[in-house]
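In the UniProt record's numbering, the protein residues as written are 1 to 129.
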Amino acid sequence: MGQSFDPARYAVLVVEDDALVRTEAVDLCFEAGFTVYEAKNAAQAIRQLERHSEIRVLFTDVEMGGSMDGLKLARAVRDRWPPVAILVTSGRVQVTKEQMPENGLFFAKPYPPDDILRALNDISAQIQS
């Protein structure tokens with residue numbers, strides 16, 4: 001019997017220090033069918049990753065308070081949790097491919113929700129295979 005993909009079995013971790021933007025991103029990921037966790041900085045994000053092994057996508061802003069920005073967080077996640085897909089976004093910082101961890105995707109704010117949904121669907125397909 002074939003196993004069908006259920007995105008609710010996998011989770012997205014949204015890391016954003018702006019509460020309104022974070023809520024919008026969480027809603028978008030939830031509407032895509034994912035379980036969603038949230039954090040407002042890198043320290044909270046790492047605690048969430050340590051607690052929830054079902055997190056398969058990191059969706060992080062670059063600029064945030066705390067000891068680590070979103071790019072450093074993305075690289076740390078790539079090193080410690082290699083299967084986690086990484087989506088990075090920023091409204092002020094233009095991120096180059098060289099700054100991104102391997103296989104990470106960058107979206108400039110304001111990002112079109114359809115682009116994020118497409119990326120999440122692509123990631124779902126990769127998790128499934």
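Ideal Cβ placement from N, Cα and C applies to all residues, glycine included. Only a predicted model underlies this, so the values are computations on that prediction, with no experimental measurement involved.
Bridge partners of Ser67 according to DSSP: none are assigned. DSSP lists Thr60, Phe106 as the bridge partner or partners of Val88.
For Ala32, no beta strand (DSSP E) segment is defined, and its DSSP state is neither H nor E.
With 16 or more neighbouring CB atoms inside 10 Å of its own CB, Asp61 falls in the buried class.
The C-alpha of Ser53 is placed about 22 angstroms away from the C-alpha of Leu117.
Less than 8 angstroms divides the Cβ of Cys29 from the Cβ of Leu120.
Look at the beta carbons and you see the segment 40 to 50 not touching the segment 85 to 105: under three pairs across the two are nearer than 8 angstroms.
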